[in-house]
Amino acid sequence: MTTIPVALGARSYDVRIEPGLLASAGEVLAPLSRGRPMPIVTDTNLAAHCETLVASLAAAGVAAPVLVLPAGESTKSWAQLEALTDWLLAQGVVRSDHVIALGGGVIGDLVGFATSILKRGCNFVQIPTTLLAQVDSSVGGKTAINSRAGKNLIGAFHQPSLVLIDPQVLDTLPQRELRAGYAEVAKYGLIDDAAFFAWCEENADALFAGDPAARATAIGHSVAAKARIVAADERETTGTRALLNLGHTFGHALEAETGFSDTLLHGEAVAAGMALAFAFSAQQGLCPAADAERVAAHLRSVGLPDGLAAAGVTADGKTLVGHMLHDKKMEGSTLPFLLARGIGQTYLDKTVDLETVAAFLDGVR
Numbered sequence: 143m144t145t146i147p148v149a150l151g152a153r154s155y156d157v158r159i160e161p162g163l164l165a166s167a168g169e170v171l172a173p174l175s176r177g178r179p180m181p182i183v184t185d186t187n188l189a190a191h192c193e194t195l196v197a198s199l200a201a202a203g204v205a206a207p208v209l210v211l212p213a214g215e216s217t218k219s220w221a222q223l224e225a226l227t228d229w230l231l232a233q234g235v236v237r238s239d240h241v242i243a244l245g246g247g248v249i250g251d252l253v254g255f256a257t258s259i260l261k262r263g264c265n266f267v268q269i270p271t272t273l274l275a276q277v278d279s280s281v282g283g284k285t286a287i288n289s290r291a292g293k294n295l296i297g298a299f300h301q302p303s304l305v306l307i308d309p310q311v312l313d314t315l316p317q318r319e320l321r322a323g324y325a326e327v328a329k330y331g332l333i334d335d336a337a338f339f340a341w342c343e344e345n346a347d348a349l350f351a352g353d354p355a356a357r358a359t360a361i362g363h364s365v366a367a368k369a370r371i372v373a374a375d376e377r378e379t380t381g382t383r384a385l386l387n388l389g390h391t392f393g394h395a396l397e398a399e400t401g402f403s404d405t406l407l408h409g410e411a412v413a414a415g416m417a418l419a420f421a422f423s424a425q426q427g428l429c430p431a432a433d434a435e436r437v438a439a440h441l442r443s444v445g446l447p448d449g450l451a452a453a454g455v456t457a458d459g460k461t462l463v464g465h466m467l468h469d470k471k472m473e474g475s476t477l478p479f480l481l482a483r484g485i486g487q488t489y490l491d492k493t494v495d496l497e498t499v500a501a502f503l504d505g506v507r
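For the sequence shown, our numbering gives the first residue as 143, with consecutive numbering after it.
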């Protein structure tokens, strides 16, 4: 088992990574239960994994009622938040209990937000089952649901008590979901670790083919990188944590244009967004054009979109910038952008003119 601490003072917790961990999770979780049930929230795609977890908890003497929600981004909604909180209250959950989020980013975000507001704050455990959730959304305490105005606009910072990652669950993950999660792996290299991006270029094929060593390296390196950034800037107040949003400002606009649906998965939108961020940086003379093309080429090579056309988006620049105006990172009338001076040299720019962004997007349509 690899254990990576997320150092946040009184809110610190561990991320534990081990193949086969799901089957032995009961031993790890039983001390947190203190003899109380541990409700599990999951989705319709995860019946087999849920059975494994329930059996493991039962063997450790822990009862685990289960709520199964619909799979997909639309579950991050007011309606499902209400259904979830009503169910947890019906289970008699108290503030010291731990609710288990077994699923991808949708389940993790929804359960995290529900427990942040239930009885003014309950505990939860993340057991992420997608690559994207394992390397990104399960760590750091950002929780949210979507609204008609945009993605993740209703939420709270609420750290889990523990994160358990079993790389073997990725064996049942559809390739499209695996590729979408890989966008977040590559992101860590693009932010501030050019050597890791080079590793990604060399080892992506092995990761997709199921090589255990490649997957262990990708997950462990990504979690350690995120833990370091979150520990330095938990609530995104100094600008350090904002680096994790590389590709997200462009990407969320693409998701909004496609209706936050399976037409364009979150990781696919982030991939296109990162390519656009590098292309925009190159156009503005900030980044070598060769680096922008290298990013786009790598994303294409693993089957991820590298821009608007590949993402299936035909909207003009004004429309996409209109979506960006709902971004939760807006500061007054200014929208900070994550741009790059090169691979591994991402920085936060608060001087970007949105009309320039719109013209850029029209030019790459």
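Just so you know, even glycine gets a beta-carbon here, dropped at the ideal spot from N, CA and C.
Within its own chain, the residues whose Cβ lies closer than 6 Å to the Cβ of alanine 424, once the five positions on either side in sequence are excluded, are Ala431 and Ala434, listed in chain order. Secondary structure of glutamine 222 (DSSP, three-state): helix. Inclusion of aspartate 228 and isoleucine 287 in the CB contact set at 9 Å is not warranted, their separation being larger than that value. 9 Å or more divides the Cβ of glycine 389 from the Cβ of lysine 470. By the Cβ test, the region 268-276 is not in contact with the region 220-235, since fewer than three Cβ pairs between them sit closer than 8 Å. A contact is defined here as three or more CB-CB pairs under 8 Å, and the region 176-192 meets this definition with respect to the region 244-263. Burial check for methionine 466: the Cβ neighbour count within 10 Å reaches 16 or more, so the residue is buried. Taking the Cα positions, leucine 496 is about 21 Å away from asparagine 294. About 30 Å separates the Cβ atoms of leucine 406 and alanine 337, ruling out a contact at the 8 Å cut-off.
In the DSSP annotation of this structure, the continuous segment of the beta strand (DSSP E) that includes threonine 144 starts and ends at 144-148. Assignment of lysine 261 by DSSP, reduced to helix, strand and coil, places it in the helix class.
A check of alpha carbon separations from serine 175 across Arg158, Thr217 and Arg237 identifies Arg237 as the nearest. For threonine 184, the uninterrupted beta strand (DSSP E) segment begins and ends at 182-185. With contacts defined as CB atoms closer than 9 Å, glutamine 276 and proline 309 qualify as a contacting pair. Around the beta carbon of aspartate 313, fewer than 16 other beta carbons sit within 10 angstroms, so the residue counts as exposed.
In the DSSP assignment, phenylalanine 420 falls within the unbroken alpha helix (DSSP H) covering 408-425.
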